[in-house]
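Notes to accompany the following structure.
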Amino acid sequence: MQAKRIKVRGKVQGVYFRASTQEQARRLGIKGWCKNEPDGSVLIIAEGSEENLNALVNWCHHGPSNASVEKVLVESIEASGFEGFEIKR
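Counting from 0, one number per residue, gives the positions in the sequence shown under numbering that gives the first Met the number 0.
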């Protein structure tokens with residue numbers, strides 16, 4: 000089990016980025032959460048296999064159809080053992 004902190008910048012709020020991220024994460028069996036940040040970015044904390052995390056990161060580079068992703072920052076972090084994948088408000 001690996002964990003990543005993913006910060007997605009661009010036009011990523013108000014375009015269903017969080018809901019789409021949750022859908023992708025659940026499809027990939029990834030646990031964690033995502034939330035909108037005050038700076039206009041979306042923060043994702045994700046745990047899963049290396050292969051599935053890489054698939055999520057790759058998806059983050061384009062996101063849902065209405066998003067316009069400018070940058071995706073990824074760092075490895077310690078896993079926390081989340082139960083599911085939720086959207087934080």
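Where is the CB? At the ideal position from N, CA and C, for every residue including glycine.
Which of the three DSSP states is assigned to Glu49 in this structure?
Within the sequence shown, residue 49 is the residue found at index 50, counting from 1. Helix.
Find out if the Cβ-Cβ distance for the pair Leu55, Gln23 is shorter than 8 Å.
The sequence position of residue 55 within the sequence shown is 56, counting from 1. The sequence position of residue 23 within the sequence shown is 24, counting from 1. Result yes, Cβ atoms of Leu55 and Gln23 sit closer than 8 Å.
Out of curiosity, what's the CA-to-CA distance linking Asp38 and Glu82?
In the sequence shown, the residue the question calls residue 38 occupies position 39. In the sequence shown, the residue the question calls residue 82 occupies position 83. Cα-Cα distance, rounded: 28 Å.
So the candidates are Trp58, Gly13, Ser75; which of them puts its Cα closest to the Cα of Asn35?
The count along the sequence shown starts at 1 and reaches residue 35 at position 36. Cα-wise, what sits closest to Asn35 is Gly13.
Sort out for me which residues DSSP pairs Ser75 with in a bridge.
Position 76 of the sequence shown, counted from the first residue, corresponds to residue 75. Its beta-bridge partners are Lys3.
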